[in-house]
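*Asks:* Let me begin by handing over the structure; questions about it come next.
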Amino acid sequence: MLGVIGDPVAHTASPAMHNAALAATGLDYVYAAFHVAPAALPEALAGMRALEFAGLNVTVPHKQAVMHHLDEISVEATAIGAVNTIICREGRLAGHNTDAFGIIQSLKTDGGLQSLPSKVALLGAGGAARAILYALLAQDEVTEILLLNRTVEKAEALAGDLDGQGKVQVASLAETSGLAEAGLLINSTSIGMHPHEDDSPLADPSCLHDRMLVADIVYNPLETVLMRQAATVGARSINGLGMLAWQGARSFEIWTGVQPPVAAMVAAALARFGEANT
Ligand code: ATR
Numbered sequence: 114m115l116g117v118i119g120d121p122v123a124h125t126a127s128p129a130m131h132n133a134a135l136a137a138t139g140l141d142y143v144y145a146a147f148h149v150a151p152a153a154l155p156e157a158l159a160g161m162r163a164l165e166f167a168g169l170n171v172t173v174p175h176k177q178a179v180m181h182h183l184d185e186i187s188v189e190a191t192a193i194g195a196v197n198t199i200i201c202r203e204g205r206l207a208g209h210n211t212d213a214f215g216i217i218q219s220l221k222t223d224g225g226l227q228s229l230p231s232k233v234a235l236l237g238a239g240g241a242a243r244a245i246l247y248a249l250l251a252q253d254e255v256t257e258i259l260l261l262n263r264t265v266e267k268a269e270a271l272a273g274d275l276d277g278q279g280k281v282q283v284a285s286l287a288e289t290s291g292l293a294e295a296g297l298l299i300n301s302t303s304i305g306m307h308p309h310e311d312d313s314p315l316a317d318p319s320c321l322h323d324r325m326l327v328a329d330i331v332y333n334p335l336e337t338v339l340m341r342q343a344a345t346v347g348a349r350s351i352n353g354l355g356m357l358a359w360q361g362a363r364s365f366e367i368w369t370g371v372q373p374p375v376a377a378m379v380a381a382a383l384a385r386f387g388e389a390n391t
């Protein structure tokens, strides 16, 4: 038994993605979504242990709270401060974070970047930004990261936590002059996500240019205003579906030891969003 716990959890694409991967690989597991309210989290994890679930994904709002109930936490999940994947082996629960893997794999495969550019801009300083900043700092070729956020203090705190190498420069979301030398811009804010699909994190798209890849972690809608702004200056862009699928693929591999067909997971997620939007 595999699954995802969250609150809310009804709209998650994870069961569709993972059951598609299970069908394609013929592995003998099922994956379901479980609605767990914050007060029920300890009981849910005790239940997982007692029922010998093979693993769980963890989504909002449990990614931090779950860390208090695990026997082990990976180095990566500890640094990111969030667990999105739990594996249960012989009654012991180990926590991992696959979001950092997800963004890098998506940039490489969906974004076609063989290696990352030396200068990268990251918009946002929330939970998603934390995993992405950790991932970027782990790439040797990335030497400069411009971290832009509406609330500059939050970006400063995040950089202070993760940046031991002095690679990160912090500024407000309105200070976009530094984007001119960036070869990659990642939006980790929720701006542009349904139901605010008419919004963009960048007021003025003229700071974008055709030598950059724009990666939006938003996947609903599949094409955001930011991605359309990128197109107007000739920049390539990708949405967040790849990151969603790759973080799921890494969770799948942690649980089963098998690399799943990511294309099947993407197709299942797309079909799920199609259903949700009808
Ligand atoms: P997540 O876990 O999905 O990253 P989060 O932790 O709530 O969500 O972070 C949301 C991010 O989107 C933050 O960087 C937030 O900026 P602030 O730190 O200033 O709050 C950003 N964000 C959300 N809505 C925004 C808006 N309307 N304008 C500017 N930034 C916004």
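Take any residue in the sequence shown, count from 1 to its spot, add 113: that is its number in our numbering. From the three backbone atoms N, C-alpha and C, an ideal C-beta is built for every residue, glycine too.
#1: By Cβ distance, which residues of its chain are closer than 6 Å to T289, with the 5 residues on each side in sequence left out?
#2: What is the DSSP secondary structure of E189, counted as helix, strand or coil?
#3: Between A134 and M356, is the Cβ-Cβ spacing less than 8 Å?
#4: By DSSP, does S290 sit in helix, in strand, or in coil?
#5: Which class does G119 belong to by DSSP, given the choice of helix, strand or coil?
#6: Cα-Cα, which of D274, G361, T264 and G240 is closest to P174?
#7: Do the segment 321-328 and the segment 288-308 make contact, defined as three or more Cβ pairs closer than 8 Å?
#8: Using only the alpha-carbon positions, how far apart do H181 and G119 sit?
#9: Put G273 into one of helix, strand or coil per three-state DSSP.
#10: For E254, which residues of its own chain have a beta-carbon under 8 Å away from its beta-carbon, when the five flanking residues on both sides are left out?
#11: Could you check how far apart the C-beta atoms of L164 and Y144 are, in whole angstroms? I think they sit under 8 Å.
#12: Ignoring anything shorter than 4 residues, give me the alpha helix (DSSP H) runs that lie fully in the segment 128-195, in order along the chain.
*Replies:* So, to answer that:
#1: As a working mapping, residue 289 is identified with position 176 in the sequence shown. The residues are C320.
#2: Position 76 of the sequence shown, counted from the start, is the residue given in the question as residue 189. Residue state, collapsed to three classes: helix.
#3: The sequence position of residue 134 within the sequence shown is 21, counting from 1. The sequence position of residue 356 within the sequence shown is 243, counting from 1. Going by C-beta atoms, A134 is not nearer than 8 Å to M356.
#4: The residue labelled residue 290 in the question sits at position 177 within the sequence shown. Reduced to three states, the DSSP call for S290 is helix.
#5: Taking the first residue of the sequence shown as 1, we reach residue 119 at position 6. G119: strand per DSSP, three-state reduction.
#6: As a working note, residue 174 is residue 61 in the sequence shown. Selected option, being the one with the closest Cα: G240.
#7: yes
#8: Counting from 1 along the sequence shown, the entry for residue 181 is found at position 68. Counting from 1 along the sequence shown, the entry for residue 119 is found at position 6. Their backbone Cα atoms lie some 16 Å apart in a straight line.
#9: Mapped onto the sequence shown, residue 273 falls at position 160. Looking at G273 - three-state DSSP - the assignment turns out to be helix.
#10: Sequence index remark: in the sequence shown, residue 254 carries index 141 (1-based). The answer, listed in chain order, is S228, L229, P230 and S231.
#11: On the sequence shown, position 51 is the one that residue 164 refers to. On the sequence shown, position 31 is the one that residue 144 refers to. About 14 Å; that fails the 8 Å criterion.
#12: 154-163 and 188-193
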